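What follows is one structure encoded as structure tokens, with my remarks underneath.
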């Protein structure tokens, strides 16, 4: 690491510190192991980082953790991360979930949330959750994939217009909200179907949605909205999916393992 | 439903077998009129099927109708001897098959096909109803709905620390590069600033002015209450800059009329302190003049008047600064 000539006092001090660190680094390189206190310390920092990143709900990248928190000790990522995961689980009952896209992480609440937990979030946040739920419900009930056309019409019916430039009174820029925010947060997964001309979008549940929501709850919600004490079993194909989720966690891939709660 | 499918399949199988027999049985020939008749029958059947399909809508044809048509075709097929007619028969059967499929699909999903628009409507109703149950509000309560569904999510709640989550240092390269170039400048700037701060500060100024006033009064008394030679008073033979400052402070005394400058017999300026400023401002008439004192003049004055010591000793803080 090039150093400037020590013109100003504090630079001198800095270079001393760095020299010291470099020694430790070479030492640890020889040892190729992080002391357990250092590991715990870094794990704590990683926990803080994960918790803070979670407020935006955007997945955390491994590269960022290495660069910002671990710095020179990037090699010990897996060990530190493992300890951080244990910490989060013990203290907050949060699970660190690795996403399919390599080296991205999100936090999932192992215990459920109750009504009062969300009193802190702003009104806009809860409204967004409402819209998100409506979208995810529709996608699920349409057979887990929804095409652009039906989605558009569906949203229009909910007086959410993605096409206009007008600002929605509650959600603001809806197109940005749905196509960017929800997608970045991994709640919705949008793929382009190139077969058609012009290419249309296909909407699916994102990984976070799979982790955070249970399909059972979704189908119950649908019945509640329909009213008349509708039974969820009425929706045969969707009900099959629900049962599969509940009974066979090994089969469907992104699964909260209900039976293996430690 | 399944039964009818099976029956159709069965018929298809029979048909294939029948076609084989047609090939083998070349000997039996029918008249052209008969062929034409067969073809016409098939065409009729196909037209009927088409009509019915168009008229039936989404659900497809009623299966009994389908079954009858297939049965009709069956009857005709017995007569069929040539591939041409057999081809027509195959085509007709295909049409029947697809109609049957439509019928089956719609019948199966009649109860629980999810129609998004329908659901959207229900959801809007759900969100717009008041607590009393009337559909009074015209805007949907997204927040209320969102609050109801939020417990369904296993969300982790993030924290937002005020000062950021990790210690980070301001990126160093920027100030470093700057300071390397500007070092000399800053040094120069720093000193003058400090000097000015100590002297030009308001309090310091008034201190200095009052100090000079005291000195003036003392001298005046010592000289037996006679005016003090202006030059001897102001000039500091050791430092030109201090002389300038003395002039500066004296000007305040003059402005507020704590002192007066007059000419003595020789035409040299003399300065006298006043008791108090008896007349604060002489209504509008202000006696002012500008004194210029170049270094040369300063030196010549020192020589002429043989000023060896300054009447106004430099202030203590200035002394220490000078030493450093």
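Protein chains in written order, with this note's numbering: chain A, 3 to 264; chain B, 1372 to 1695.
Cβ coordinates follow ideal geometry from the N, Cα and C atoms, glycine included.
The structure displayed is predicted, hence computed values, not measured ones.
Whole-angstrom Cβ separation of residue 141(A) and residue 205(A), contact assumed at under 8 angstroms?
For the purposes of this step, residue 141(A) is identified with residue 139 of the first chain, where counting begins at 1. For the purposes of this step, residue 205(A) is identified with residue 203 of the first chain, where counting begins at 1. Contact holds; Cβ gap of about 5 angstroms.
List the endpoints of the continuous alpha helix (DSSP H) containing residue 206(A).
For the purposes of this step, residue 206(A) is identified with residue 204 of the first chain, where counting begins at 1. No alpha helix (DSSP H) contains residue 206(A), which is instead part of the beta strand (DSSP E) from 202–207.
So, is residue 1517(B) buried or exposed, given that buried needs 16 or more other C-beta atoms within 10 angstroms?
Walking along the second chain from the start, residue 1517(B) turns up at place 146. That one is buried.
To the nearest angstrom, how far is it from the Cα of residue 1514(B) to the Cα of residue 129(A)?
Taking the second chain and counting its residues from 1, the one referred to as residue 1514(B) is at position 143. Taking the first chain and counting its residues from 1, the one referred to as residue 129(A) is at position 127. Each residue's Cα considered, the two are about 4 angstroms apart.
Is the shortest distance between the beta-carbon of residue 131(A) and the beta-carbons of chain B less than 8 angstroms?
For this step, residue 131(A) is matched to residue 129 along the first chain. So, interface residue.
Applying the 10 Å Cβ sphere with the 16-neighbour rule, what's the burial state of residue 1594(B)?
Counting from one through the second chain, the residue named residue 1594(B) turns up at place 223. Exposed, since its Cβ has fewer than 16 Cβ neighbours within 10 Å.
Hey, does residue 1488(B) have any beta-carbon neighbour from chain A nearer than 8 angstroms?
Here residue 1488(B) refers to the residue found at position 117 when the second chain is read from its first residue. Answer yes: the Cβ-Cβ gap between residue 1488(B) and chain A drops below 8 angstroms somewhere.
Roughly how many whole angstroms lie between the Cα atoms of residue 1676(B) and residue 1603(B)?
Residue mapping note: residue 1676(B) aligns to position 305 of the second chain, counting from 1. Residue mapping note: residue 1603(B) aligns to position 232 of the second chain, counting from 1. Distance between the alpha carbons of residue 1676(B) and residue 1603(B): 8 angstroms.
Report the CB separation of residue 1683(B) from residue 1596(B) in whole angstroms; it is logged as a contact under 8 angstroms.
Here residue 1683(B) is taken as the residue at index 312 of the second chain, counted from 1. Here residue 1596(B) is taken as the residue at index 225 of the second chain, counted from 1. Going by Cβ atoms, the distance from residue 1683(B) to residue 1596(B) rounds to 19 angstroms, so no, they are not a contact pair.
Contact criterion: CB-CB distance below 8 angstroms. Does residue 57(A) meet it with respect to chain B?
Counting from 1 along the first chain, the entry for residue 57(A) is found at position 55. Yes, residue 57(A) lies at the interface with chain B (some Cβ there is under 8 angstroms from its Cβ).
Tell me the start and end of each unbroken alpha helix (DSSP H) in the stretch 1418–1464 of chain B that is at least 4 residues and wholly inside, in chain order.
Fully enclosed alpha helix (DSSP H) runs of 4 or longer: 1434–1448.
Given residue 1417(B), which residues of its chain have a CB within under 6 angstroms of its CB, disregarding the five upstream and five downstream residues?
In the second chain, counting from the first residue as 1, residue 1417(B) sits at position 46. Excluding positions up to five away in sequence, the list reads 1463.
Against residue 215(A), what residues of chain B qualify as contacts under a CB-to-CB distance less than 9 angstroms, listed in chain order?
Counting from 1 along the first chain, the entry for residue 215(A) is found at position 213. By Cβ distance, chain B contributes 1523, 1524, 1525.
How would you list, in chain order, the residues of chain B whose beta-carbon sits under 7 angstroms from the beta-carbon of residue 234(A)?
Taking the first residue of the first chain as position 1, residue 234(A) is located at position 232. The premise fails here: residue 234(A) is roughly 10 angstroms from chain B at the closest Cβ pair, so nothing lies under 7 angstroms.
Considering only DSSP beta bridges, list what residue 1600(B) is partnered with.
By 1-based counting over the second chain, the position of residue 1600(B) is 229. DSSP lists 1641(B) as partners of residue 1600(B).
Taking just the CA atoms, how far does residue 63(A) sit from residue 71(A)?
Sequence index remark: in the first chain, residue 71(A) carries index 69 (1-based). Sequence index remark: in the first chain, residue 63(A) carries index 61 (1-based). Each residue's alpha carbon lies about 12 angstroms from the other.
If you run the structure through DSSP and keep just helix, strand and coil, what is residue 1486(B)?
Mapped onto the second chain, residue 1486(B) falls at position 115. In this structure, residue 1486(B) counts as coil in the three-state DSSP scheme.
Can you find at least 3 beta carbon pairs, one from the stretch 232–251 of chain A and one from the stretch 139–154 of chain A, that sit closer than 8 angstroms?
The stretch 232–251 of chain A, when compared against the stretch 139–154 of chain A, does touch it at the 8 angstroms Cβ threshold.
Report yes if the CB atom of residue 1437(B) is closer than 8 angstroms to the CB atom of residue 1471(B), and no otherwise.
Working through the second chain from its first residue, we reach residue 1437(B) at position 66. Working through the second chain from its first residue, we reach residue 1471(B) at position 100. It is a contact, given that the beta carbons lie within the stated cut-off.
According to DSSP, is residue 149(A) part of a helix, a strand, or is it coil?
The sequence position of residue 149(A) within the first chain is 147, counting from 1. DSSP places residue 149(A) in strand when its eight states are reduced to three.
Tell me whether residue 1673(B) counts as near the ligand MG, meaning its Cβ is closer than 7 angstroms to at least one heavy atom of that ligand.
This structure lacks the ligand MG; in fact it carries no ligand of any kind.
For residue 110(A), which residues in chain B fall below 9 angstroms Cβ to Cβ?
Translated into positions along the first chain, residue 110(A) becomes position 108. Those are 1525, 1526, 1527, listed as they occur along chain B.
Are any of the Cβ atoms in chain A nearer than 8 angstroms to that of residue 1533(B)?
If you number the second chain from 1, residue 1533(B) lands on position 162. Answer no: the Cβ-Cβ gap between residue 1533(B) and chain A never drops below 8 angstroms.
So which of 1500(B), 1457(B), 1610(B) has the shortest CA-CA distance to residue 1696(B)?
Since the first residue of chain B shown is 1372 and the last is 1695, residue 1696(B) is not available in this structure.
Beta carbon of residue 108(A), beta carbon of residue 210(A): below 8 angstroms?
Sequence index remark: in the first chain, residue 108(A) carries index 106 (1-based). Sequence index remark: in the first chain, residue 210(A) carries index 208 (1-based). In contact: residue 108(A) and residue 210(A) (Cβ atoms closer than 8 angstroms).
Would you say residue 1530(B) faces chain A, with C-beta separation under 8 angstroms as the test?
If you number the second chain from 1, residue 1530(B) lands on position 159. Chain A, which has a Cβ nearer than 8 angstroms to the Cβ of residue 1530(B), makes this yes.
Find out if the Cβ-Cβ distance for the pair residue 54(A), residue 1489(B) is shorter than 8 angstroms.
Counted from its first residue, the first chain places residue 54(A) at position 52. Counted from its first residue, the second chain places residue 1489(B) at position 118. Taking 8 angstroms as the Cβ cut-off, residue 54(A) and residue 1489(B) do not qualify as a contacting pair.
Go ahead and pull the three-state DSSP assignment for residue 1634(B).
Residue numbering aside, residue 1634(B) sits at position 263 when the second chain is read from its first letter. Residue 1634(B) falls in the strand class under three-state DSSP.
Counting only beta-carbon separations shorter than 8 angstroms, does residue 1472(B) have a partner in chain A?
Taking the second chain and counting its residues from 1, one reaches residue 1472(B) at position 101. Chain A contact via Cβ: absent.
Taking the beta strand (DSSP E) that residue 71(A) belongs to, which residues open and close that run?
Locating residue 71(A) in the first chain gives position 69, where the first residue counts as 1. Looking at the DSSP string, residue 71(A) is not in any beta strand (DSSP E), and its letter there is neither H nor E.
By the criterion of Cβ-Cβ separation under 8 angstroms, what are the contact partners of residue 1576(B) in chain A?
Within the second chain, numbered from 1, the residue matching residue 1576(B) stands at position 205. Within 8 angstroms Cβ-Cβ: nothing; residue 1576(B) doesn't reach chain A, min ~34 angstroms.
Cα separation between residue 161(A) and residue 1520(B)?
Along the first chain, one-based indexing puts residue 161(A) at 159. Along the second chain, one-based indexing puts residue 1520(B) at 149. Whole-angstrom Cα-Cα distance: 19 angstroms.
Check whether the Cβ atoms of residue 1679(B) and residue 1608(B) sit closer than 8 angstroms, and answer yes or no.
By 1-based counting over the second chain, the position of residue 1679(B) is 308. By 1-based counting over the second chain, the position of residue 1608(B) is 237. Cβ atoms of residue 1679(B) and residue 1608(B): closer than 8 angstroms.
With a CB to CB cut of under 6 angstroms and the five nearest residues on each side skipped, what residues in its chain are close to residue 1613(B)?
As a working note, residue 1613(B) is residue 242 in the second chain. The residues are 1607, 1685.
Alpha carbon to alpha carbon, how far is residue 192(A) from residue 185(A)? Give it in angstroms, no decimals.
Along the first chain, read from residue 1 onward, the residue named residue 185(A) stands at position 183. Along the first chain, read from residue 1 onward, the residue named residue 192(A) stands at position 190. Computed Cα separation, rounded: 7 angstroms.
Determine whether the beta carbon atoms of residue 1511(B) and residue 1499(B) lie at a separation below 8 angstroms.
Position 140 of the second chain, counted from the start, is the residue given in the question as residue 1511(B). Position 128 of the second chain, counted from the start, is the residue given in the question as residue 1499(B). Result yes, Cβ atoms of residue 1511(B) and residue 1499(B) sit closer than 8 angstroms.
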